[in-house]
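Report on one structure; see the data block that follows.
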Amino acid sequence: MTQQAIEQDPVNVGDLAGKHIVLGLSGGIACYKAAELCRALIKQGATVQVVMTEAAEQFITAVTLQALSGRPVYTSQWDSREANNMAHINLSREADAILIAPCSADFMAKLLHGRADDLLSLMCLARPIAAVPLLIAPAMNREMWAHPATQRNMAQLSGDGATILGVGSGFQACGETGDGRMLEPPELLEDIIAFFTPKVLAGQQVLVTAGPTYEAIDPVRGITNLSSGKMGFAVARAAREAGAEVTLVAGPVSLSTPRGVTRIDVKSAQNMLEAVMQQAPAATVFIATAAVADWRPASSAERKIKKDGSGQAPQLAFTENPDILATVAQSPRARSGELFCVGFAAESHDLADNAQAKRRRKGVPLLVGNIGPATFGRDDNALLLVDAQGSRELARASKLSLARQLVAEIASRIQRAG
Ligand code: CTP
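Numbering (the numbering used here), first residue to last: 5 to 422.
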């Protein structure tokens, strides 16, 4: 089989270039995470203006945030550095978004009531609501989070146009375990990047396969391949950023699930086929990046196969696995154009010809080819988009960037077809 050799480095830089973010900190132990978040935003090219409440200053110093953001921190509505003494107006007018992280239960309640007795709440109230989005990363004890008052406030804030980024679950600083802790900085960063991405796949249901499959020989051994699944995970992330509902059917890989993506873990090609066929009826786009094993052992022994002392290796017979992509591409919904299918192919030579032949064989409108040996293990890649009209190269770039270009390409093809 062809090793699906397109690897994906999820780390991009410059995803927030040109964005000016006002990062507001209210009081909570999660303030320590805001320092890392501030740094992460800046690493992605954003400029960050920090505003802190008095309570936030109990948890982390303004000096830390000033050093990380490279700008003096604002803490008071009476800040005399502003010539007009209207920090709340000036700061909110230049922002592309206001992000409150952490947002305490108390600060949520304040926002809800439109109170404005400190700089941060005043600034949120004074922001031009249509031009400056408000993003909220709540952080609190699990009982506070579950309290009807907090849940009510959250629903109302969302009704008032704020974007609630959700909370994490697990061990909390207070020693209890449950929902309510602030999302980790990398999770918040992923959500913020997604927030700013144009929603070219809004309303689409995207189904992605990724990673290798594992074909058992016996309970302790099997055959698999070196696919890391990174390309498929990046495609899933890019599709979610573009506003799609994404389901990712993943073979055995050690990657974390992209934010907002539903993941179904499978092992064998047969398992992958079953999961895909279950999901396919609801999908509008199917992207097959998985390196599906072409063969499986004809039978899997129930017990570990032992050496019998003869010095002879056991004879293994193989059966061909179902072709998942070709199966989906032959379904009536795919043939009628309701389900847009995209395949991948890693080749070692004659890329354009081999990819074109594979595209026809699989019966898909679009196939993404690449040279396996030139990409395996690398953080960048170059792709060749092959369709009935010919081929077009996506120049060498980071793999997440290529995944985003592919998503944009799929979106424009769906739009043209619709
Ligand atoms: N694919 C699949 N099910 C299979 C084999 C492949 O869904 N059993 C999909 C892959 O996910 C990929 C495309 O088909 O999108 C091409 O996979 P590749 O392994 O390159 O092609 P093969 O059909 O295995 O052809 P060959 O190994 O002969 O190059």
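Backbone N, C-alpha and C define an ideal beta-carbon position, used for all residues, glycine too.
Report task. Classify Val77 as helix, strand or coil using the three-state DSSP reduction. Result -> coil
Report task. Please state if the CB of Ala120 and the CB of Leu126 are separated by a distance shorter than 8 Å. Result -> yes
Report task. Please confirm whether any heavy atom of the ligand CTP lies closer than 7 Å to the CB of Phe348. Result -> yes
Requested in this report: With hydrogens ignored, establish whether the beta-carbon of Pro326 is closer than 7 Å to any heavy atom of the ligand CTP.
Outcome: yes
Query raised in the report: So which of Thr293, Ile168 and Leu388 has the shortest CA-CA distance to Val253?
Result: Thr293
Query - Nearest candidate by alpha-carbon position, reference Arg417, set Leu387, Phe344 and Arg364 - result: Phe344
Query raised in the report: When burial is assigned at 16 or more other CB atoms within 10 Å of the CB, is Glu11 buried or exposed?
Result: Bear in mind that the predicted position of Glu11 carries a pLDDT of just 33, short of 50, making it unreliable; the figure below should be weighed with that in mind. Flag for Glu11 reads buried.
Query raised in the report: Does the ligand CTP have a heavy atom nearer than 7 Å to the CB of Thr323?
Result: no
Query raised in the report: Sorry if obvious, but does the Cβ on Val390 come closer than 7 Å to a heavy atom of the ligand CTP?
Result: no
Query raised in the report: Span of the beta strand (DSSP E) holding Asn275?
Result: First-last for Asn275: Ala273 to Gln283, but that is the alpha helix (DSSP H), not the beta strand (DSSP E).
Requested in this report: Inspect the CB distances between the stretch 64-84 and the stretch 140-150 and report whether three or more fall short of 8 Å.
Outcome: no
Report task. Would you give the residue range spanned by the alpha helix (DSSP H) that Asp110 belongs to? Result -> Ala109 to His117
Query raised in the report: Is it the case that the Cβ atoms of Asp213 and Met276 are separated by a distance below 8 Å?
Result: A small fix is needed here, since residue 213 is Thr in this sequence, not Asp. Yes, the Cβ-Cβ distance between Thr213 and Met276 is below 8 Å.
Query - Own chain partners of Leu129 with C-beta closer than 6 Å, once the 5 adjacent residues on each side are dropped - result: Gly118 and Ala120
Requested in this report: Entirely within the stretch 212-247 and at least 4 residues each: give me those alpha helix (DSSP H) ranges in chain order.
Outcome: 234-245
Query raised in the report: Cβ atoms of Ser272 and Thr217: under 8 Å apart, would you say?
Result: yes
Query raised in the report: Using DSSP with H/G/I as helix, E/B as strand and the rest coil, what is Ala401?
Result: strand
Query raised in the report: Straight-line CA distance for Val411 to Gly341?
Result: 17 Å
Query raised in the report: Any idea if Leu230 is buried or exposed, counting beta-carbon neighbours within 10 angstroms, 16 or more meaning buried?
Result: exposed
Query raised in the report: By Cβ distance, which residues of its chain are closer than 7 Å to Lys308, with the 5 residues on each side in sequence left out?
Result: Asp222, Pro223 and Val224
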